[in-house]
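S.K.: Counted the way the working numbering counts, the sequence shown spans residues 43 to 428.
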Amino acid sequence: MHVTPVPDGGRVASEIGRVRGLRCCGRRGPRAVPTPAPTDQPRRRFPVSRYSTTVDPAARNSSQVLALELTGADKDVLDVGCASGDLARALRERGCRVSGVELDAAAAEEARPHLERLVVGDVATLDLAAELDGATFDVLVLGDVLEHLADPAAVLRRCLPLLRQDGDVVISVPNVAHGALRLALLQGRWRYTETGLLDGTHLRFFTRESLLRLVSEAGLEVVELWGTVMDPLGSEVEVDEGVLPDGVVDWVRRQEDTAVYQYVVRARRGSGDVVPPLQLAVAPPVVPPAEDPERSLAAQRQAAWDAERAALVAEVRELRHTVMTLRDQVVGAQAQAGTAEARAHRAEVRGREALEHAEALLASRSYRLGQLVMRPVARVVRGGGQ
């Protein structure tokens, strides 16, 4: 074991086991991850300087700033996965005494000036109580660490003996249910990146529910629950909005926690069943209000009924028009038939009258007398013709 003194009168630091490069998680900085077997060593390494950040207390939409606020001032703090010491530096400015644990040797060297104690090694295998000589702390900070561990619950439980009886644990993890990942999955995408929600070194993924369950199973109760905010279309996750159906992005935005980029919790020993409400570091993106589902369904049904009714009314009107046309044609035909019938009736009457007149004439006495008078004349005429 190689022992090196820590500046500023701190205790010795132990460099144990293998150390490898880290990649950023959730825009927080490099974090401790389990050391892989040689066969699955990462293909890429990145310089620690790319992860260096400045903790600006005025920029509240940051897991580091929330961790700073939840830790408080004038506390003994153990920063597990302290990276290059950005948070430690800010905590010292608030009067805190900070010790750190870091896997990356280069990052640890950057953090060293801001720490009273420094342990360089893999938090998944270290005996922290022994390495820190039995020291205890007011606050344990595990900022963007648990998602890099194969067994985060075991590491969390092993850290708890270092926590004083009334102390706090501050944890931050990225939200795998963020809207960007939901939209990406709708497009069949799950692409690891160098940093962010899908940091290539992530071994575990957390939603609000699974994070709260992890904390509870460790014997802790959540006192405060916070979330940093990022719009689903504003993260590093690749989303092609243009290929999504209309309304899908706004629908995703309306779902619970889809704007939460990271969760930050403050917990302490206890078994309370009441979980505090989620508080957001900044106001979430403004999304047009959605219609009530029941009202929307009723509106859809009403619209369908109105459309069907309109179609039926139009059909009835067409049928009425057709019936009226046919009736007019029938009336016209009936009128024509009536006229013809009247004419026929009048002709029949006239014919009958003429026949009756003729019959009456034939039957009359004057007709018979005329016949008698005219017969000799007829004979003379016929005879003269001979």
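Idealized CB from N, CA, C, for every residue including glycine.
Going by beta carbon distance, what residues of the same chain come within less than 6 Å of A382, once the five residues before and after it are set aside?
M.R.: The sequence position of residue 382 within the sequence shown is 340, counting from 1. Result list for A382: empty, nothing under 6 Å.
S.K.: Output the distance between the C-alpha atoms of A132 and L184, rounded to the nearest integer angstrom.
M.R.: Locating residue 132 in the sequence shown gives position 90, where the first residue counts as 1. Locating residue 184 in the sequence shown gives position 142, where the first residue counts as 1. The alpha-carbon atoms of A132 and L184 are separated by roughly 16 Å.
S.K.: In three-state DSSP terms, what is A396?
M.R.: Start at 1 with the first residue of the sequence shown, and residue 396 comes out as number 354. Three-state result, A396: helix.
S.K.: Tell me D13's beta-bridge partners as DSSP assigns them.
M.R.: Nothing in the structure corresponds to residue 13, since the chain is present only between 43 and 428.
S.K.: Suppose the cutoff is 6 Å on Cβ atoms and the five residues either side in sequence are ignored; what does the same chain contact list for R136 look like?
M.R.: Numbered from 1 along the sequence shown, position 94 holds the residue referred to as residue 136. Same-chain partners within the cutoff: A115.
S.K.: What's the gap between the Cα of V257 and the Cα of A349?
M.R.: The residue labelled residue 257 in the question sits at position 215 within the sequence shown. The residue labelled residue 349 in the question sits at position 307 within the sequence shown. Computed Cα separation, rounded: 54 Å.
S.K.: Looking at the secondary structure, which residues open and close the beta strand (DSSP E) in which D208 lies?
M.R.: For the purposes of this step, residue 208 is identified with residue 166 of the sequence shown, where counting begins at 1. D208 -> beta strand (DSSP E) spans L205 to P216.
S.K.: Sorry if obvious, but does the Cβ on P318 come closer than 6 Å to a heavy atom of the ligand GTP?
M.R.: Ligands are entirely absent from the displayed structure, and the ligand GTP is therefore not among its contents.
S.K.: In whole angstroms, what separates the C-alpha of E111 from that of L120?
M.R.: Walking along the sequence shown from the start, residue 111 turns up at place 69. Walking along the sequence shown from the start, residue 120 turns up at place 78. Roughly 15 Å separates the two Cα atoms.
S.K.: Suppose contacts are defined by Cβ-Cβ distances below 7 Å. Is V97 in contact with L145 by that definition?
M.R.: Working through the sequence shown from its first residue, we reach residue 97 at position 55. Working through the sequence shown from its first residue, we reach residue 145 at position 103. The answer is no: Cβ separation not under 7 Å.
S.K.: Measuring alpha carbon to alpha carbon, tell me which of E158, V162 and A166 ends up nearest A148.
M.R.: Taking the sequence shown and counting its residues from 1, the one referred to as residue 148 is at position 106. Of the listed residues, the one whose Cα sits closest to A148 is V162.
S.K.: Would you check if the distance between the CB atom of L225 and the CB atom of P274 is smaller than 7 Å?
M.R.: On the sequence shown, position 183 is the one that residue 225 refers to. On the sequence shown, position 232 is the one that residue 274 refers to. In this structure, P274 lies closer than 7 Å to L225 by Cβ.
S.K.: For T300, list the residues DSSP reports as bridge partners.
M.R.: Residue mapping note: residue 300 aligns to position 258 of the sequence shown, counting from 1. DSSP lists no partner for T300.
S.K.: On the criterion of 16 or more Cβ atoms from any shown chain inside 10 Å, does M366 qualify as buried, or is it exposed?
M.R.: In the sequence shown, the residue the question calls residue 366 occupies position 324. The residue is exposed, with fewer than 16 neighbouring Cβ atoms inside 10 Å.
S.K.: Taking a contact to mean a Cβ-Cβ separation below 7 Å, would you say L188 touches V212 in this structure?
M.R.: As a working note, residue 188 is residue 146 in the sequence shown. As a working note, residue 212 is residue 170 in the sequence shown. Cβ atoms of L188 and V212: not closer than 7 Å.
S.K.: Along the chain, where does the beta strand (DSSP E) containing V197 start, and where does it finish?
M.R.: Taking the sequence shown and counting its residues from 1, one reaches residue 197 at position 155. Segment P194 to C201 is the alpha helix (DSSP H) holding V197; no beta strand (DSSP E) there.
S.K.: On a Cα-Cα basis, can you pick out the residue from P155, A405 and R295 that is closest to V329?
M.R.: For this step, residue 329 is matched to residue 287 along the sequence shown. Checking every option, the nearest Cα to that of V329 belongs to R295.
S.K.: Along the chain, where does the alpha helix (DSSP H) containing R255 start, and where does it finish?
M.R.: Your numbering for residue 255 matches position 213 in the sequence shown. Residues R250 to E259.
S.K.: Which value, in whole angstroms, describes the spacing of the CA atoms of D210 and T113?
M.R.: Stepping through the sequence shown from its first residue, residue 210 is reached at position 168. Stepping through the sequence shown from its first residue, residue 113 is reached at position 71. Their Cα atoms are separated by approximately 8 Å.
S.K.: May I ask you to list the residues that DSSP assigns as paired with R343?
M.R.: Within the sequence shown, the letter at position 301 stands for residue 343. Answer is none; R343 lacks a bridge partner.
S.K.: Quick check: what's the CA-CA separation for V306 versus A345?
M.R.: Translated into positions along the sequence shown, residue 306 becomes position 264. Translated into positions along the sequence shown, residue 345 becomes position 303. Roughly 46 Å separates the two Cα atoms.
S.K.: Where do the N-terminal and C-terminal ends of the alpha helix (DSSP H) with T113 fall, by residue?
M.R.: Here the question's residue 113 lines up with position 71 in the sequence shown. Taken as a continuous stretch (DSSP letters only), the alpha helix (DSSP H) holding T113 covers S105 to T113.
S.K.: Going by beta-carbon coordinates alone, are V197 and V165 separated by less than 7 Å?
M.R.: By 1-based counting over the sequence shown, the position of residue 197 is 155. By 1-based counting over the sequence shown, the position of residue 165 is 123. Yes.
S.K.: Using 8 Å as the cut-off, can you tell me whether the region 172-186 makes contact with the region 198-206, which would need three or more C-beta pairs spanning the two stretches below that distance?
M.R.: The region 172-186 is in contact with the region 198-206.
S.K.: My guess is that G276 and Q304 are in contact by the Cβ rule of under 8 Å, so how many angstroms apart are they, rounded?
M.R.: The sequence position of residue 276 within the sequence shown is 234, counting from 1. The sequence position of residue 304 within the sequence shown is 262, counting from 1. With a Cβ gap of about 14 Å, G276 and Q304 do not count as contacting.
S.K.: Nearest to E298 by CA position, among R308, V271, V281 and G142, is which residue?
M.R.: Mapped onto the sequence shown, residue 298 falls at position 256. Nearest C-alpha to E298: V271.
S.K.: Determine whether the beta carbon atoms of P326 and A301 lie at a separation below 7 Å.
M.R.: As a working note, residue 326 is residue 284 in the sequence shown. As a working note, residue 301 is residue 259 in the sequence shown. Their beta carbons are under 7 Å apart, which means P326 touches A301 by this criterion.
S.K.: Out of T243, V218, L191 and V143, which one is the CA nearest neighbour of A171?
M.R.: Taking the sequence shown and counting its residues from 1, the one referred to as residue 171 is at position 129. The residue with the shortest Cα to Cα distance from A171 is V143.
S.K.: Taking Cβ to Cβ, would you say G312 is nearer than 7 Å to E263?
M.R.: Residue numbering aside, residue 312 sits at position 270 when the sequence shown is read from its first letter. Residue numbering aside, residue 263 sits at position 221 when the sequence shown is read from its first letter. For G312 and E263, yes; Cβs fall inside 7 Å.
S.K.: With the cut-off set at 7 Å, would you say R231 and V265 are in Cβ contact?
M.R.: Taking the sequence shown and counting its residues from 1, one reaches residue 231 at position 189. Taking the sequence shown and counting its residues from 1, one reaches residue 265 at position 223. Cβ atoms of R231 and V265: not closer than 7 Å.
S.K.: Quick one: what's R311 bridged to in DSSP?
M.R.: The residue you call residue 311 lines up with position 269 of the sequence shown. Answer by DSSP bridge pairing, in chain order: L262.
S.K.: What residue from V324, D186, W293 and S252 has the CA that sits closest to P331's CA?
M.R.: Residue 331 sits at position 289 when you count from the first residue of the sequence shown. Of the candidates V324, D186, W293 and S252, the one whose C-alpha sits nearest the C-alpha of P331 is W293.
S.K.: Are V324 and N103 touching if we call contact CB-CB under 7 Å?
M.R.: In the sequence shown, the residue the question calls residue 324 occupies position 282. In the sequence shown, the residue the question calls residue 103 occupies position 61. Contact: yes.
S.K.: Find the nearest neighbour of T243 within the set Q229, D282, V291 and H190, judged by alpha-carbon distance.
M.R.: For the purposes of this step, residue 243 is identified with residue 201 of the sequence shown, where counting begins at 1. Nearest of Q229, D282, V291 and H190 to T243, Cα basis: H190.
S.K.: Taking 7 Å as the threshold (C-beta atoms), are P194 and C267 in contact?
M.R.: Against the sequence shown, residue 267 aligns to sequence position 225. Against the sequence shown, residue 194 aligns to sequence position 152. The question names Cys, but residue 267 in the sequence shown is Leu. No, these two residues do not count as a Cβ contact at 7 Å.
S.K.: Quick check on DSSP: helix, strand or coil for D370?
M.R.: The count along the sequence shown starts at 1 and reaches residue 370 at position 328. The answer is helix: DSSP assigns D370 an H, G or I state.
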